[in-house]
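Participant: Pasting a structure here, questions to come.
Here you go:
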């Protein structure tokens, strides 16, 4: 009998229907250039997921941090970035820790929030630097990927990315081709 192939996001997704709807809405808002509306949705989902799915919560905090940074909301960015980094470190998500740290500090500096970037560097710089060598080497080799697919909003993980060529990654969820920034 024929079985349809399921999207990998659906196979591992234990979000309830309401949470899936909120996540979809947040990803759509980011794709529409409305991070100010998406950021609180990501943050709310991160808090809900914290107890049962801390690794997912870490990624949701990271998405919230990026959305708040896009709106130059330094204090909110710092709250979410700290939560993400603490969870990434706690659950030994070394590559994700390095990638997020590099991306968020770069974004904070680019958006004129040097004080916020310096605060993260002061708090987490030595802990990130102590991670295994090579955790951020893919970023140095290929450039930085967006944290989420611009088409479907799925998270992009540099360490798990499927490189089509030296300059292009394929989204594991929707198949879109994504180039490093």
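In the working numbering, the protein residues as written are 3 to 183. Where a beta carbon is used, it is the ideal one built from N, C-alpha and C, also for glycine.
Kindly indicate which three-state DSSP category residue 74 falls into: helix, strand or coil?
Facilitator: Mapped onto the chain shown, residue 74 falls at position 72. Residue 74 falls in the coil class under three-state DSSP.
Participant: Whether or not the segment 32 to 48 and the segment 56 to 66 are in contact is what I'm after, with contact meaning three or more pairs of Cβ atoms, one per stretch, closer than 8 angstroms; do they touch?
Facilitator: Yes, the segment 56 to 66 is in contact with the segment 32 to 48.
Participant: I'd like the list of long-range same chain contacts for residue 164, defined as Cβ closer than 6 angstroms, with 5 residues on each side in sequence excluded.
Facilitator: Along the chain shown, read from residue 1 onward, the residue named residue 164 stands at position 162. The answer, listed in chain order, is 172.
Participant: Where does residue 39 sit, in a helix, a strand or coil, going by DSSP?
Facilitator: Within the chain shown, numbered from 1, the residue matching residue 39 stands at position 37. It is helical.
Participant: Per DSSP, which residues does residue 179 bridge with? Please list them.
Facilitator: Looking up residue 179 in the chain shown gives position 177. Bridge partners of residue 179: 172.
Participant: Among 28, 98, 31 and 80, which has the Cα closest to the Cα of residue 111?
Facilitator: Residue mapping note: residue 111 aligns to position 109 of the chain shown, counting from 1. Nearest of 28, 98, 31 and 80 to residue 111, Cα basis: 80.
Participant: Kindly list the residues whose CB is nearer than 6 angstroms to the CB of residue 178, restricted to its own chain and excluding five residues on each side of it in sequence; keep chain order.
Facilitator: On the chain shown, position 176 is the one that residue 178 refers to. For residue 178, where only same-chain residues beyond five positions count, the Cβ hits under 6 angstroms are 151 and 153.
Participant: With respect to the alpha helix (DSSP H) encompassing residue 34, which residues constitute its N-terminal and C-terminal limits?
Facilitator: The residue given as residue 34 occupies position 32 in the chain shown. It is not in any alpha helix (DSSP H) - residue 34 carries neither H nor E in the DSSP assignment.
Participant: What's the gap between the Cα of residue 109 and the Cα of residue 19?
Facilitator: The residue labelled residue 109 in the question sits at position 107 within the chain shown. The residue labelled residue 19 in the question sits at position 17 within the chain shown. Rounded to the nearest angstrom, the two C-alpha atoms are 32 angstroms apart.
Participant: Please state whether the Cβ-Cβ distance between residue 67 and residue 83 is less than 7 angstroms.
Facilitator: The sequence position of residue 67 within the chain shown is 65, counting from 1. The sequence position of residue 83 within the chain shown is 81, counting from 1. Result yes, Cβ atoms of residue 67 and residue 83 sit closer than 7 angstroms.
Participant: Would residue 121 and residue 107 be called neighbours here (beta carbons separated by less than 7 angstroms)?
Facilitator: Your numbering for residue 121 matches position 119 in the chain shown. Your numbering for residue 107 matches position 105 in the chain shown. No; because the gap between Cβ atoms is not below 7 angstroms, this pair is not in contact.
Participant: For residue 113, which of 75, 52, 169 and 53 has the nearest alpha-carbon?
Facilitator: For the purposes of this step, residue 113 is taken as the residue at position 111 of the chain shown. Per the Cα distances, 75.
Participant: Identify whether residue 157 lies in helix, strand or coil by the three-state DSSP scheme.
Facilitator: Locating residue 157 in the chain shown gives position 155, counting from the first residue. Looking at residue 157 - three-state DSSP - the assignment turns out to be strand.
Participant: Quick check: is the beta carbon of residue 20 nearer than 7 angstroms to any beta carbon in chain C?
Facilitator: No chain C appears in the structure shown, which is made up of a single protein chain.
Participant: Give the DSSP-derived three-state secondary structure of residue 54 in the structure shown.
Facilitator: One-based indexing of the chain shown puts residue 54 at position 52. Coil.
Participant: Taking all protein chains shown into account, decide if residue 129 is buried (16 or more other Cβ within 10 angstroms of its Cβ) or exposed.
Facilitator: Here residue 129 is taken as the residue at index 127 of the chain shown, counted from 1. Exposed is the call here.
Participant: Give a yes or no on whether the C-beta atoms belonging to residue 2 and residue 147 are separated by under 7 angstroms.
Facilitator: What is shown of the chain runs 3 to 183, which leaves residue 2 out entirely.
Participant: Going by DSSP, what residue range makes up the alpha helix (DSSP H) through residue 2?
Facilitator: Coverage of the chain is limited to positions 3 through 183, which leaves residue 2 absent and any answer about it impossible.
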